[in-house]
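Let me begin by presenting the structure, written as structure tokens, before commenting on it.
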Amino acid sequence: MDEQIDIQAQILTEETCQFTVDRPVYPEGSVYFASKVEAKGSPLAEILFDIENIVAVLVSGNIVKVTKSGHENWGPIAKQIGAAIRDQLGSGGLAIADTAQPDLPGEGEIKEKVQKLLDTEINPAVAQHGGMVDLIDVKGNTVYLQLGGGCQGCGMADVTLKQGIEHAIRQLVPQVGDILDVTDHASGTNPYYTPSKK
Amino acid sequence: MKRVLLLIPTTSYRTQSFLTAARELGVDVTVGSERPNVMADRNPEGLLTLKYQEPKEAARKVIEFSHNYPLDAIVGVDDQGAVLAATIAEALSLPHNSVASVAAAQNKHMMRRLLNIARVPQPSYRLISLDEDPSEISNEVPYPCVVKPLTLAGSRGVIRADSDVEFRAALDRLKGILRMPDVASMRGDSSSRHVLVESFVPGKEVALEGLISHGKLKVLAIFDKPDPLDGPYFEETIYVTPSRLSHTLQEEIIFCAARAAEALGLERGPVHAELRINQTGPCVIEIAARSIGGFCSIALRFGNTKFYTKTVSLEELLLRDALEMDTTSFRREPQAAGVMMIPIPDAGVFYQVKGVQEAKVVEHIEDVIISAHLNETLVPLPEGGKYLGFIFSRAGSPEHVETALREAYARLEFVIH
Numbered sequence: 011m012d013e014q015i016d017i018q019a020q021i022l023t024e025e026t027c028q029f030t031v032d033r034p035v036y037p038e039g040s041v042y043f044a045s046k047v048e049a050k051g052s053p054l055a056e057i058l059f060d061i062e063n064i065v066a067v068l069v070s071g072n073i074v075k076v077t078k079s080g081h082e083n084w085g086p087i088a089k090q091i092g093a094a095i096r097d098q099l100g101s102g103g104l105a106i107a108d109t110a111q112p113d114l115p116g117e118g119e120i121k122e123k124v125q126k127l128l129d130t131e132i133n134p135a136v137a138q139h140g141g142m143v144d145l146i147d148v149k150g151n152t153v154y155l156q157l158g159g160g161c162q163g164c165g166m167a168d169v170t171l172k173q174g175i176e177h178a179i180r181q182l183v184p185q186v187g188d189i190l191d192v193t194d195h196a197s198g199t200n201p202y203y204t205p206s207k208k
Numbered sequence: 003m004k005r006v007l008l009l010i011p012t013t014s015y016r017t018q019s020f021l022t023a024a025r026e027l028g029v030d031v032t033v034g035s036e037r038p039n040v041m042a043d044r045n046p047e048g049l050l051t052l053k054y055q056e057p058k059e060a061a062r063k064v065i066e067f068s069h070n071y072p073l074d075a076i077v078g079v080d081d082q083g084a085v086l087a088a089t090i091a092e093a094l095s096l097p098h099n100s101v102a103s104v105a106a107a108q109n110k111h112m113m114r115r116l117l118n119i120a121r122v123p124q125p126s127y128r129l130i131s132l133d134e135d136p137s138e139i140s141n142e143v144p145y146p147c148v149v150k151p152l153t154l155a156g157s158r159g160v161i162r163a164d165s166d167v168e169f170r171a172a173l174d175r176l177k178g179i180l181r182m183p184d185v186a187s188m189r190g191d192s193s194s195r196h197v198l199v200e201s202f203v204p205g206k207e208v209a210l211e212g213l214i215s216h217g218k219l220k221v222l223a224i225f226d227k228p229d230p231l232d233g234p235y236f237e238e239t240i241y242v243t244p245s246r247l248s249h250t251l252q253e254e255i256i257f258c259a260a261r262a263a264e265a266l267g268l269e270r271g272p273v274h275a276e277l278r279i280n281q282t283g284p285c286v287i288e289i290a291a292r293s294i295g296g297f298c299s300i301a302l303r304f305g306n307t308k309f310y311t312k313t314v315s316l317e318e319l320l321l322r323d324a325l326e327m328d329t330t331s332f333r334r335e336p337q338a339a340g341v342m343m344i345p346i347p348d349a350g351v352f353y354q355v356k357g358v359q360e361a362k363v364v365e366h367i368e369d370v371i372i373s374a375h376l377n378e379t380l381v382p383l384p385e386g387g388k389y390l391g392f393i394f395s396r397a398g399s400p401e402h403v404e405t406a407l408r409e410a411y412a413r414l415e416f417v418i419h
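Listed in order, the protein sequences are those of chains C and R.
The numbering of the first sequence is the working numbering, which starts it at 11 and goes up by one.
The numbering of the second sequence is the working numbering, which starts it at 3 and goes up by one.
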């Protein structure tokens, strides 16, 4: 394949670097490999573990997040990783095995668990502020939520979602990938907290 | 994995920006707010309730928390959390500004005193007690003057007076603002009975956004404010960067802001300064130990000159700085950018906004965010403390940005009764 593959690398921390590819690497969702053994059958992940000091690989959509040990500069390692991603995607072969998430529950099971969590714990909690959370859908391992009532347009909705609701869902179903808020917050008419310039 | 404590008051505009930035950096987050989150029991390591008005007690609580969940940085995302952030960081021996320097930046009188000692150009000023007889003071005030509360932000409570009659009226109005419940609840005793009277400084106004490292100011952006700010109220509207002022004048602005930061004792972290420029040069109107407020930071994006090309937000840059990660190789993007804070035109209930889609399709407009919610009771300046919304633009030149912002604004219609 002659088409150029554009990859943007961003060093997140001394240990972690994120590679944003201009096309899907694993469109099915997110998968995390903590070792070369776990990566077996997923060619891209296997190649990445062959690079010295690579200790973990997370692939989600068009994002490849790589964790290394040691204090070496990311520069030369990132170049190797970028080349590996280009080679693998350029070959036209499978980058991540379809079976990379053997323990991933089905959409129905995720829906059932998340709905039960919303009914028994989350909605009773957010109801204290006149809020509610609806499960809109589960596609693959991506969960779509909609916030309503006091949560819709609330200045702290993102805190409640990311620090509270997401945390609870991931504890219950660790294999869940993205948790997306599909709320039209601009249409909220009774948010519990509203921002202001103090 | 590193963990950062974000002090996010429940009234912050910047919750999402900071949480997104933390996620981009792959750091664990604990959010410390002044009111309990309904999910706090479900995630005690991620959600803390802290008394912002009692920093020492809050610091003790965070120290206890950090025994189980060690913290690598404390970031106050708004003015309200700045003193608390410094107090906690000091208690945990994390890098921080001195509590005194941050407190001085939050109190306009303390700021003026320190700038005066350091001979930094600024308006003449006088602290007055609300218990003094206004008719006596009004004879001693140089007109035109500006009456200001000591601790409010965003031009709230700031009123120009051109005569003794206007001065007494302004003072009465400011007394009323200081009695408003949301204001009274956040003000300390020391600032409750005093206000500042300053000479009005004519001229153009700019805002400087910077990051201080080891006492040295790195300028992230200088924003022109093309709409005149002559009062009687000082409603912020359009900010455009890069500045169209001469290079020499910009150097003078940077020098003046750096002196002001040094005078206050600020040695690290974000700084936001507002300066007036006239024939006598730059003059410091305000300097605060925080970054730009509201949603305005969306106008700023930074690229890394060394290695990667993805731009990062101001919030990510601030987290990098707090976590002592590299920030030196980041520069603001080459494009011109701007934001318009949409003023509240009238008091009343906000029923409808028309023309948002039409405003969004104006050339060079990136987004229009209406942050006020429908059915909300709106209060304009000087009593009010909110914006109606924000318009964002990016283009090849500051002129194009300003034109786009004005055109987009002209397409909006707000129904307020």
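Ideal Cβ placement from N, Cα and C applies to all residues, glycine included.
Fair warning: this is a prediction, and the values are worked out from it, not measured in the lab.
- A direct Cα-to-Cα measurement between Y71/R and T193/C gives close to 32 Å.
- Proximity of the region 40–52 of chain C to the region 119–133 of chain C falls short of the contact definition, fewer than three beta-carbon pairs being nearer than 8 Å.
- Interface flag for H139/C against chain R is set, since a Cβ pair is found closer than 8 Å.
- As DSSP reads the structure, M342/R sits in a beta bridge with I240/R and I393/R.
- Proximity of T199/C to chain R, defined by a Cβ-Cβ separation below 8 Å, is satisfied.
- Closest by C-alpha distance to L383/R, out of A84/R, I179/R, S19/R and I372/R, is I179/R.
- For S68/R, the enclosing alpha helix (DSSP H) starts and ends at P57 to N70.
- If you compare the alpha carbons of I240/R, P345/R and I130/R with that of I224/R, the shortest gap goes to I240/R.
- Of all C-beta pairs linking the region 246–254 of chain R to the region 320–328 of chain R, fewer than three are shorter than 8 Å, placing the two stretches out of contact.
- Using a Cβ-Cβ cut-off of 7 Å, S373/R is close to P205 of chain C, given in chain order.
- In this structure A410/R touches I393/R by the C-beta definition: roughly 5 Å separates them, less than 8 Å.
- Considered as a whole, the region 162–233 of chain R harbours 166–181, 183–186 and 191–194 as its complete alpha helix (DSSP H) runs of no fewer than 4 residues, in chain order.
- When the Cα atoms are used, T170/C and V67/C turn out to be separated by approximately 28 Å.
- According to the DSSP assignment, L266/R belongs to no beta strand (DSSP E) but to the alpha helix (DSSP H) extending over H249 to L266.
- Contacts with chain C at 8 Å (Cβ-Cβ) do not include Q359/R.
- In the DSSP assignment, E415/R is bridged to K356/R.
- Going by C-alpha positions, E238/R is about 23 Å away from A260/R.
- Taken in chain order, the members of the region 385–409 of chain R whose beta-carbon sits within less than 8 Å of a beta-carbon on chain C are G387, K388 and Y389.
- For M41/R, the nearest CB of chain C lies under 8 Å from its own CB, placing it at the interface with that chain.
- Q98/C and A88/C have their C-alpha atoms spaced approximately 15 Å apart.
- Looking only at G163/C, S40/C and L145/C, the smallest Cα-Cα distance to S197/C is reached by G163/C.
- V101/R places its beta carbon 8 Å or farther from that of V79/R.
- Three or more beta-carbon pairs drawn from the region 174–185 of chain C and the region 40–58 of chain R are found closer than 8 Å, and the two stretches are therefore classed as touching.
- The C-beta of S35/R comes closer than 8 Å to at least one C-beta of chain C.
- The beta carbon of E38/C sits no closer than 8 Å to any beta carbon of chain R.
- Under the three-pair Cβ rule at 8 Å, the region 263–270 of chain R does not count as touching the region 359–372 of chain R.
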